[in-house]
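Peer 1: In our numbering, the protein residues as written are 2 to 123. No residue lacks a Cβ here, since even glycine has one placed at the ideal position from N, Cα and C. Attaching a single structure in structure tokens format; questions to follow.
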């Protein structure tokens with residue numbers, strides 16, 4: 002019989018150290034084209050993962066080198082991220098960068114968290 006050995010979860014609450022804000026753009030009123038930041042939808046703490054070094058060559062060929070993975074606690078029904086939402090990361094390395102939500106998926110190792118994959122908006 003195989004012996005039971007406890008495996009701690011990959012992500013835990015202590016790793017959620019970076020404040021992020023989900024928001025959406027709305028069109029400017031009137032005939033002028035463009036959009037402006039309008040509504041803050043959700044604020045939380047997150048863990049930010051860049052592209053791993055082993056995946057850099059693959060990311061370069063796919064054009065996804067600037068994509069990031071954000072792990073947040075599952076907000077349940079309070080907020081559901083969609084691809085129309087944007088993310089602002091409150092960290093000096095990500096200053097003045099806006100990210101568009103590309104994909105949202107539950108964390109398969111721990112159902113208390115969700116993974117948000119985002120793309121840099123130029």
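Let's see if you can read the secondary structure: which residues bound the beta strand (DSSP E) around residue 77?
Peer 2: By one-based count along the chain shown, residue 77 stands at place 76. That residue, residue 77, is in no beta strand (DSSP E); it is neither H nor E in DSSP.
Peer 1: Report the residue from 16, 67 and 23 whose alpha carbon sits nearest the alpha carbon of residue 51.
Peer 2: Within the chain shown, the letter at position 50 stands for residue 51. Of 16, 67 and 23, the residue nearest in Cα terms is 67.
Peer 1: Here's the rule I'm using: 16 or more other beta-carbon atoms within 10 Å means buried, otherwise exposed. How should residue 48 be labelled?
Peer 2: On the chain shown, position 47 is the one that residue 48 refers to. When all chains shown are included, residue 48 counts as buried.
Peer 1: With a 10 Å radius around its C-beta and 16 neighbouring C-beta atoms as the bar for buried, classify residue 81 as buried or exposed.
Peer 2: Position 80 of the chain shown, counted from the start, is the residue given in the question as residue 81. Label assigned to residue 81: exposed.
Peer 1: Does the Cβ of residue 59 have 16 or more other Cβ atoms within 10 Å, making it buried, or fewer, making it exposed?
Peer 2: Translated into the one-based positions of the chain shown, residue 59 becomes position 58. Exposed: under 16 other Cβ atoms inside 10 Å.
Peer 1: Consult DSSP for residue 66 and reduce its assignment to one of helix, strand or coil.
Peer 2: Along the chain shown, one-based indexing puts residue 66 at 65. Coil, per DSSP.
Peer 1: Taking the alpha-carbon of residue 114 as reference, which of 32, 106 and 30 has the nearest alpha-carbon?
Peer 2: The residue labelled residue 114 in the question sits at position 113 within the chain shown. Checked all of 32, 106 and 30; the closest Cα to residue 114 is 106.
Peer 1: I need the straight-line Cα distance from residue 22 to residue 5, nearest angstrom please.
Peer 2: As a working note, residue 22 is residue 21 in the chain shown. As a working note, residue 5 is residue 4 in the chain shown. Distance between the alpha carbons of residue 22 and residue 5 is about 40 Å.
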